[in-house]
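Residue numbers (our numbering): 379 to 757. What follows is a single structure, written as structure tokens, with notes after it.
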Amino acid sequence: MGLQTGTPVSSLHARSSYKVGDFEVPTGREEEWRFTPLRRLRGLHNGTAAEGGKVVVEVDAAPEVTVETVGRDDERVGSAYVPADRVSAQAWESFDRATVVTVPKEAVASAPTVLRLRGEDASGAAYGHTTVVVEPFAVATVVLSHRGSATYADNVEFIVGDGASLSVISLQEWDDDSVHVSHQHARLGRDARFTGHNVSLGGDLVRISPSVVYTGPGGDAELYGVYFADGGQHLEHRLLVDHAVPHCRSRVDYRGALQDQDAHAVWIGDVLIRAEAEGTDTYELNRNLVLTDGTRVDSVPNLEILTGEVVGAGHASTSGRLDDEHLFYLQSRGVPRDEARRMVVRGFLGQLIDKIEVAEVRDKVAEAIEAELEQEAHE
């Protein structure tokens, strides 16, 4: 498996390869790395990462779902995604065993399948690979829970068959010393539906790159994200939605809050509509709420359209402080200023938290956001 060659169809179509050597070591001047503090990646990007890290995977599967631990030679592993940067290729070359989740044809999972990834040592790097296969006309929900202390790079594939539906909730609740770089790739068949939620709260540096491609008409993808960056945290989300077939739909909505010195949030939203993707309907949105001085937000929506036959295509990005009018309205009705601030943030992020289908996870995220707000109130 080597470099995919040929002339790129657009500036949003990156080269891809399974081989680390096909990618130059990033310097930070490249477009895909210019917002990432490379020195904090602990060598994941340049081959100097120490060995010996450990991430344990525990699975609680729905009765209808099969979960296997397989070797690198399993034909399902790597079948849907080719690494698009050096860290992703390093993760591909370095993992030993992969987790494969299979939802059989026409099965409707009666409960979420939960994968708990727990880091036990951040002093060395660990690598992983997960493949989720949802066969035609099946329906399932998968939760990826990341906790503990780790220096971790992984690739995750979601293969959604014709007429199938998959909802994924990825929680990044790492300890403060953790680094996590992940590519999460969804491949949708004809009339397939994919809903992805990314919630990033913990870790020192977290960089998540969700992507979606369509292999048949009628595909529908909704990508949601919630993040809360504290002082010194770097939380980065880089999305790519590749419309390569006709009559598909995508919606992207990511929202974040930042507080304290050197909190940094990065959101890159790339949507490509190829010449053959007539009838595409897409929109992407990123909103950021700055709660204190000393934070930084980088938000870059990119929309590249190579056909004039689209139903709709648009994007928006906003970053700003709390609305003084909202605060004044609440204070004029007797709500203390600190509580008014928390109410506004709850409402801002809660619109996306409420979309999380699993009640237990939804409540956990709401509680974590509340804890972040309480921390800010006491500082």
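Note that beta-carbon positions come from the ideal geometry of N, C-alpha and C, so glycine has one too.
>> Whole angstroms are fine: how far does the CA of residue 686 sit from the CA of residue 744?
In response: Numbered from its first residue, the sequence shown carries residue 744 at position 366. Numbered from its first residue, the sequence shown carries residue 686 at position 308. Residue 744 and residue 686: Cα-Cα distance of roughly 42 Å.
> What is the DSSP secondary structure of residue 518, counted as helix, strand or coil?
Replying inline: In the sequence shown, counting from the first residue as 1, residue 518 sits at position 140. In the structure shown, residue 518 sits in a strand (DSSP, three-state: E or B).
> Using the beta-carbon count (16 or more within 10 Å), is residue 633 buried or exposed?
Replying inline: Counting from 1 along the sequence shown, the entry for residue 633 is found at position 255. The Cβ neighbour count for residue 633, taken over all protein chains shown within 10 Å, is at least 16; the residue is labelled buried.
>> Looking at the secondary structure, which residues open and close the beta strand (DSSP E) in which residue 470 lies?
In response: Locating residue 470 in the sequence shown gives position 92, counting from the first residue. Counting along the chain, residue 470 falls outside any beta strand (DSSP E), though it belongs to the alpha helix (DSSP H) covering 464 to 472.
>> Taking 7 Å as the cut-off, is the C-beta of residue 506 nearer than that to any heavy atom in the ligand ATP?
In response: Annotation note on the ligand ATP: not contained in the displayed structure, which lists no ligands.
>> Just verifying my parser: in three-state terms, what is the DSSP assignment at residue 742?
In response: Sequence index remark: in the sequence shown, residue 742 carries index 364 (1-based). It is helical.
> On the three-pair Cβ rule with 8 Å, is the segment 429 to 439 touching the segment 623 to 639?
Replying inline: With the cut-off at 8 Å, the segment 429 to 439 and the segment 623 to 639 do not touch.
> So the beta strand (DSSP E) residue 562 belongs to, where does it begin and stop?
Replying inline: Position 184 of the sequence shown, counted from the start, is the residue given in the question as residue 562. Its beta strand (DSSP E) spans residues 557 to 566.
> Taking DSSP as the reference, what is the three-state secondary structure of residue 606?
Replying inline: Mapped onto the sequence shown, residue 606 falls at position 228. Three-state DSSP puts residue 606 in a strand.
> In terms of DSSP beta bridges, what is residue 588 paired with?
Replying inline: Translated into the one-based positions of the sequence shown, residue 588 becomes position 210. 562, per the DSSP bridge assignment.
>> What does the Cβ neighbour count give for residue 405, buried or exposed, with the cut at 16 atoms within 10 Å?
In response: Here residue 405 refers to the residue found at position 27 when the sequence shown is read from its first residue. It counts as exposed.
> Closest by CA to residue 599, which one among 606, 617, 613 and 583?
Replying inline: Taking the first residue of the sequence shown as 1, we reach residue 599 at position 221. Residue 617 is the option with its Cα nearest to residue 599.
> Would the beta-carbon of residue 622 fall within 8 Å of that of residue 597?
Replying inline: As a first step, residue 622 is located in the sequence shown; it is residue number 244 there, counting from the start. As a first step, residue 597 is located in the sequence shown; it is residue number 219 there, counting from the start. Between residue 622 and residue 597, the C-beta gap is not smaller than 8 Å, which leaves the two residues out of contact.
>> Counting C-beta neighbours from all protein chains within 10 Å, is the total for residue 750 16 or more, i.e. buried, or is it exposed?
In response: In the sequence shown, residue 750 corresponds to position 372, counting from 1. Burial call: buried.
> Out of curiosity, what's the CA-to-CA distance linking residue 673 and residue 728?
Replying inline: Along the sequence shown, one-based indexing puts residue 673 at 295. Along the sequence shown, one-based indexing puts residue 728 at 350. Their backbone Cα atoms lie some 22 Å apart in a straight line.
>> Let me check understanding here. Comparing Cα to Cα, which of 481, 530 and 682 lies closest to residue 513?
In response: Walking along the sequence shown from the start, residue 513 turns up at place 135. Nearest of 481, 530 and 682 to residue 513, Cα basis: 481.
> Is the beta carbon of residue 526 less than 8 Å from the beta carbon of residue 568?
Replying inline: Indexing the sequence shown from 1 puts residue 526 at position 148. Indexing the sequence shown from 1 puts residue 568 at position 190. No.
> Just to confirm, are residue 464 and residue 557 a CB contact at a threshold of 8 Å?
Replying inline: Within the sequence shown, numbered from 1, the residue matching residue 464 stands at position 86. Within the sequence shown, numbered from 1, the residue matching residue 557 stands at position 179. Contact annotation: residue 464 and residue 557 have beta-carbon atoms that are not nearer than 8 Å.
> Mapping DSSP to helix, strand and coil, what is residue 752?
Replying inline: Within the sequence shown, the letter at position 374 stands for residue 752. In this structure, residue 752 counts as helix in the three-state DSSP scheme.
>> For the segment 422 to 435 against the segment 487 to 503, do three or more pairs of beta-carbon atoms, one drawn from each stretch, fall closer than 8 Å, so that the two count as touching?
In response: With the rule of 3 Cβ pairs closer than 8 Å, the segment 422 to 435 counts as touching the segment 487 to 503.
> Is the CB-CB distance between residue 529 and residue 502 below 8 Å?
Replying inline: Along the sequence shown, read from residue 1 onward, the residue named residue 529 stands at position 151. Along the sequence shown, read from residue 1 onward, the residue named residue 502 stands at position 124. Result yes, Cβ atoms of residue 529 and residue 502 sit closer than 8 Å.
> Exposed or buried, which one is residue 447 when buried takes at least 16 other CB atoms within 10 Å?
Replying inline: Looking up residue 447 in the sequence shown gives position 69. Exposed, by the Cβ-count rule.
>> For the segment 576 to 593 against the segment 601 to 620, do three or more pairs of beta-carbon atoms, one drawn from each stretch, fall closer than 8 Å, so that the two count as touching?
In response: Look at the beta carbons and you see the segment 576 to 593 touching the segment 601 to 620: at least three pairs across the two are nearer than 8 Å.
> Apart from the five residues just before and just after residue 613, which ones in its own chain have a Cβ nearer than 6 Å to its Cβ?
Replying inline: Sequence index remark: in the sequence shown, residue 613 carries index 235 (1-based). Only 578, 584, 605, 607 and 643 meet the Cβ criterion.
> What is the DSSP secondary structure of residue 758, reduced to helix, strand or coil?
Replying inline: Past the boundaries of the shown model lies residue 758; the chain is included only from 379 to 757, so the question cannot be answered.
> Which first and last residues belong to the beta strand (DSSP E) in which residue 483 is found?
Replying inline: Locating residue 483 in the sequence shown gives position 105, where the first residue counts as 1. Segment: none, residue 483 is in no beta strand (DSSP E) and carries neither H nor E.
> Among all the DSSP beta bridges, which residues are the ones paired with residue 720?
Replying inline: Counted from its first residue, the sequence shown places residue 720 at position 342. None; residue 720 has no bridge partner.
> Among residues of its own chain, excluding the 5 on either side of residue 707, which ones have a beta-carbon nearer than 8 Å to its beta-carbon?
Replying inline: On the sequence shown, residue 707 is found 329 positions in, with the first residue counted as 1. The predicted model places residue 707 with a pLDDT of 45, which falls under 50 and marks its position as unreliable, so this point remains unresolved.
>> Checking the sheet assignment: what are the DSSP bridge partners for residue 397?
In response: Taking the first residue of the sequence shown as 1, we reach residue 397 at position 19. Answer is none; residue 397 lacks a bridge partner.
>> Report the CB separation of residue 561 from residue 534 in whole angstroms; it is logged as a contact under 8 Å.
In response: In the sequence shown, the residue the question calls residue 561 occupies position 183. In the sequence shown, the residue the question calls residue 534 occupies position 156. Their Cβ separation, rounded to whole angstroms, is 7 Å, which keeps residue 561 and residue 534 in contact under 8 Å.
>> Relative to the C-alpha of residue 620, which candidate in 601, 649 and 645 has its C-alpha closest?
In response: Within the sequence shown, numbered from 1, the residue matching residue 620 stands at position 242. Comparing Cα-Cα distances from residue 620 to each of 601, 649 and 645, the minimum goes to 649.
> Apart from the five residues just before and just after residue 483, which ones in its own chain have a Cβ nearer than 8 Å to its Cβ?
Replying inline: For the purposes of this step, residue 483 is taken as residue 105 along the sequence shown, with counting starting at 1. Taken in chain order, the residues that qualify are 513, 514, 515, 516 and 539.
> Distance, Cα to Cα, residue 383 vs residue 397?
Replying inline: For this step, residue 383 is matched to residue 5 along the sequence shown. For this step, residue 397 is matched to residue 19 along the sequence shown. In this predicted model, residue 383 has a pLDDT of only 37, less than 50, meaning its place in the structure is not dependable; the value taken from the coordinates is given anyway. As the crow flies, the alpha-carbon of residue 383 is around 13 Å from that of residue 397.
> Considering only residues of the same chain and omitting the five flanking positions on each side of residue 738, which have a CB-CB separation below 8 Å?
Replying inline: Your numbering for residue 738 matches position 360 in the sequence shown. Within the same chain, no residue comes within 8 Å of residue 738 by CB-CB distance, once the 5 residues on both sides are set aside.
> Roughly how many angstroms separate the alpha carbons of residue 455 and residue 393, rounded to a whole number?
Replying inline: Stepping through the sequence shown from its first residue, residue 455 is reached at position 77. Stepping through the sequence shown from its first residue, residue 393 is reached at position 15. Counting only the Cα atoms, residue 393 lies some 20 Å from residue 455.
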